[in-house]
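A.B. asks: Protein chains in written order, with my numbering: chain A, 566 to 742; chain B, 8 to 211.
Backbone N, C-alpha and C define an ideal beta-carbon position, used for all residues, glycine too.
This structure is a prediction, so every number in the text was calculated from the model and none was measured.
Right, I'll just put the structure down here and ask away after.
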């Protein structure tokens with residue numbers, strides 16, 4: 566038996582799933598263009614692998630699709646029948662750098678984060694921590710972009726504009742049918 | 008699992024309370040105080056503690072200090088002994104047969120439930136002492152400027168152990184950056200009312 570969810574946990578699931586759904590819609594309809602609060606532009610794509618989930622308990626169903634566009638279309642069809650995105654593969658680009666990661670809706674656990682390549686120190690004179698510091702810089706940079714998109718989502722989600730956004734998401738879903 | 012791998016899986020935390028300014032200088036000593044101790048020569052099922060970020064065999068930070076730039080780095084080392092169930096079953100059967108032979112000589116018929124439990128514990132202890140602890144290492148990185156803490160694991164049992172042991176070591180609580188907590192961090196505590204009454208959206 567699963568533990569009874571506490572209030573915050575249920576809200577975690579709602580927020581996480583709606584954010585990933587919105588992110589997918591927002592990224593597709595605006596060609597992946599996003600901006601940090603400081604005005605730094607970056608690209609974010611929801612790609613290749615999206616997992617949607619519907620039902621509860623014994624009727625819980627998960628469909629994971631990967632690869633080409635027609636299959637992604639199927640996941641979108643899943644959304645139009647009331648399923649929710651519970652995991653997404655995300656690609657972030659900020660020329661010339663690129664990151665890839667998978668994000669889980671319910672707890673924002675980060676999986677398989679790939680950063681741009683970090684050069685290993687090749688001589689003893691180099692700072693032994695240089696590679697580590699560069700790696701952390703790149704990881705935190707990726708989190709900054711991810712948080713900026715979550716911040717965008719919250720701005721819409723917690724405002725009266727959300728109803729209009731939901732109508733647009735509905736139309737986007739209909740286009741997949 | 009580590010941050011230096013080509014692909015890293017991790018959990019984000021934030022320290023919820025102000026960090027006492029004298030704590031930073033005590034970090035290396037606190038890590039050593041709660042460092043990992045080998046369980047190789049014991050029959051312990053699990054052993055855990057902090058080790059050097061650059062070398063999981065170093066519980067004394069001889070390889071490198073925990074400070075790297077604006078980060079404090081260390082790893083959670085967790086060693087576990089696992090006895091394969093078939094091995095346990097075999098040795099339990101052997102012990103039971105031996106016991107049955109002994110009580111027969113005493114004129115009794117059955118091994119009592121209590122005695123079976125005792126035998127099981129003895130067998131487990133004996134096998135554990137003979138088996139190798141399986142080492143595991145999980146990198147932890149603490150950004151002292153932002154209060155962000157990252158642990159290179161997404162396994163709930165490892166996260167629980169890390170949160171508890173971090174709190175024991177530093178006297179500070181870690182808040183996992185779940186969707187709710189991250190929303191509060193980004194938008195401030197004022198949004199909590201709105202979040203608490205949030206109704207799930209129907210998109211279709």
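Buried or exposed for residue 61 of chain B, please, with buried defined as at least 16 other CB atoms from any protein chain shown within 10 angstroms of its CB.
C.D. replies: By 1-based counting over the second chain, the position of residue 61 of chain B is 54. Its Cβ being crowded by 16 or more others within 10 Å, residue 61 of chain B is buried.
A.B. asks: CB-CB under 7 Å to residue 594 of chain A, same chain, minus the five flanking residues each way: which ones, in chain order?
C.D. replies: As a working note, residue 594 of chain A is residue 29 in the first chain. So the list reads 737, once near-sequence residues are dropped.
A.B. asks: Nearest by alpha-carbon distance to residue 166 of chain B: which of B:108, B:178, B:146, B:200 is it?
C.D. replies: As a working note, residue 166 of chain B is residue 159 in the second chain. The shortest C-alpha separation from residue 166 of chain B is found at B:146.
A.B. asks: Find the nearest neighbour of residue 581 of chain A within the set B:103, B:203, B:185, judged by alpha-carbon distance.
C.D. replies: The residue given as residue 581 of chain A occupies position 16 in the first chain. For the residues B:103, B:203, B:185, the minimum Cα distance to residue 581 of chain A belongs to B:185.
A.B. asks: Opposite residue 149 of chain B in the DSSP bridges: which residues?
C.D. replies: Looking up residue 149 of chain B in the second chain gives position 142. Paired residue(s): B:79, B:156.
A.B. asks: Answer with buried or exposed for residue 566 of chain A, where buried requires no fewer than 16 other C-beta atoms within 10 angstroms of its C-beta.
C.D. replies: Within the first chain, residue 566 of chain A is the residue found at index 1, counting from 1. Caution is warranted here: a pLDDT of 38 is assigned to residue 566 of chain A, below 50, making its placement in the model unreliable, and no coordinate value can be reported.
A.B. asks: Using a Cβ cut-off of 9 Å (strictly closer), state whether residue 693 of chain A contacts chain B.
C.D. replies: As a first step, residue 693 of chain A is located in the first chain; it is residue number 128 there, counting from the start. Taking Cβ atoms only, chain B reaches closer than 9 Å to residue 693 of chain A, which makes this a yes.
A.B. asks: Beta-carbon within less than 8 Å of residue 202 of chain B's beta-carbon, same chain only, minus the 5 sequence neighbours each way: which residues are those?
C.D. replies: Counting from one through the second chain, the residue named residue 202 of chain B turns up at place 195. 187, 190, 191, listed in sequence order.
A.B. asks: To the nearest angstrom, how far is it from the Cα of residue 156 of chain B to the Cα of residue 170 of chain B?
C.D. replies: As a first step, residue 156 of chain B is located in the second chain; it is residue number 149 there, counting from the start. As a first step, residue 170 of chain B is located in the second chain; it is residue number 163 there, counting from the start. Whole-angstrom Cα-Cα distance: 11 Å.
A.B. asks: At least one CB of chain B closer than 9 Å to the CB of residue 607 of chain A: is that the case?
C.D. replies: Translated into the one-based positions of the first chain, residue 607 of chain A becomes position 42. Answer no: the Cβ-Cβ gap between residue 607 of chain A and chain B never drops below 9 Å.
A.B. asks: Check for me: the beta strand (DSSP E) holding residue 702 of chain A runs from which residue to which?
C.D. replies: Residue numbering aside, residue 702 of chain A sits at position 137 when the first chain is read from its first letter. Element bounds for residue 702 of chain A: not the beta strand (DSSP E) but the alpha helix (DSSP H), 695 to 722.
A.B. asks: Using a Cβ-Cβ cut-off of 8 Å (strictly less than) and excluding sequence neighbours within five positions of residue 73 of chain B, which residues of its own chain qualify?
C.D. replies: Taking the first residue of the second chain as position 1, residue 73 of chain B is located at position 66. Once the five neighbours on either side are set aside, the close Cβ partners of residue 73 of chain B are 34, 35, 38, 59, 60, 79, 80, 81.
A.B. asks: If you follow the alpha helix (DSSP H) that residue 200 of chain B is in, where does it begin and where does it stop?
C.D. replies: In the second chain, residue 200 of chain B corresponds to position 193, counting from 1. It spans 199 to 203 - the alpha helix (DSSP H) in which residue 200 of chain B sits, taken as one unbroken run.
A.B. asks: Does the Cβ of residue 672 of chain A have 16 or more other Cβ atoms within 10 Å, making it buried, or fewer, making it exposed?
C.D. replies: Locating residue 672 of chain A in the first chain gives position 107, counting from the first residue. Counting Cβ neighbours within 10 Å, residue 672 of chain A comes out buried, since at least 16 surround it.
A.B. asks: With DSSP as the reference, label residue 84 of chain B as helix, strand or coil.
C.D. replies: On the second chain, residue 84 of chain B is found 77 positions in, with the first residue counted as 1. Here residue 84 of chain B sits in strand by DSSP.
A.B. asks: Using the three-state DSSP reduction, which class does residue 611 of chain A fall into: helix, strand or coil?
C.D. replies: Residue mapping note: residue 611 of chain A aligns to position 46 of the first chain, counting from 1. Strand.
A.B. asks: Run through DSSP, which three-state label would residue 567 of chain A get?
C.D. replies: One-based indexing of the first chain puts residue 567 of chain A at position 2. Only weak support is given to the placement of residue 567 of chain A: the predicted model assigns it a pLDDT of 43, under 50, and the question is left unresolved by the model.
A.B. asks: Who are the neighbours of residue 674 of chain A on chain B, taking C-beta pairs under 7 Å?
C.D. replies: By 1-based counting over the first chain, the position of residue 674 of chain A is 109. The contacting residues are 18, 161.
A.B. asks: Span of the beta strand (DSSP E) holding residue 179 of chain B?
C.D. replies: The residue labelled residue 179 of chain B in the question sits at position 172 within the second chain. Counting along the chain, residue 179 of chain B falls outside any beta strand (DSSP E), and DSSP gives it neither H nor E.
A.B. asks: Please name the residue, chosen from A:678, A:683, A:668, that lies closest to residue 695 of chain A on a Cα-to-Cα basis.
C.D. replies: Here residue 695 of chain A is taken as the residue at index 130 of the first chain, counted from 1. Selected option, being the one with the closest Cα: A:683.
A.B. asks: Does the beta-carbon distance from residue 584 of chain A to residue 718 of chain A come in below 9 Å?
C.D. replies: Counting from 1 along the first chain, the entry for residue 584 of chain A is found at position 19. Counting from 1 along the first chain, the entry for residue 718 of chain A is found at position 153. Yes. Within cutoff.
A.B. asks: Rounded to a whole number of angstroms, what is the C-alpha to C-alpha distance between residue 116 of chain B and residue 158 of chain B?
C.D. replies: Residue mapping note: residue 116 of chain B aligns to position 109 of the second chain, counting from 1. Residue mapping note: residue 158 of chain B aligns to position 151 of the second chain, counting from 1. About 55 Å.
A.B. asks: Which same chain residues end up closer than 6 Å to residue 9 of chain B when comparing Cβ atoms and leaving out the 5 residues on each side of it in sequence?
C.D. replies: Taking the first residue of the second chain as 1, we reach residue 9 of chain B at position 2. Around residue 9 of chain B: 146, 159.
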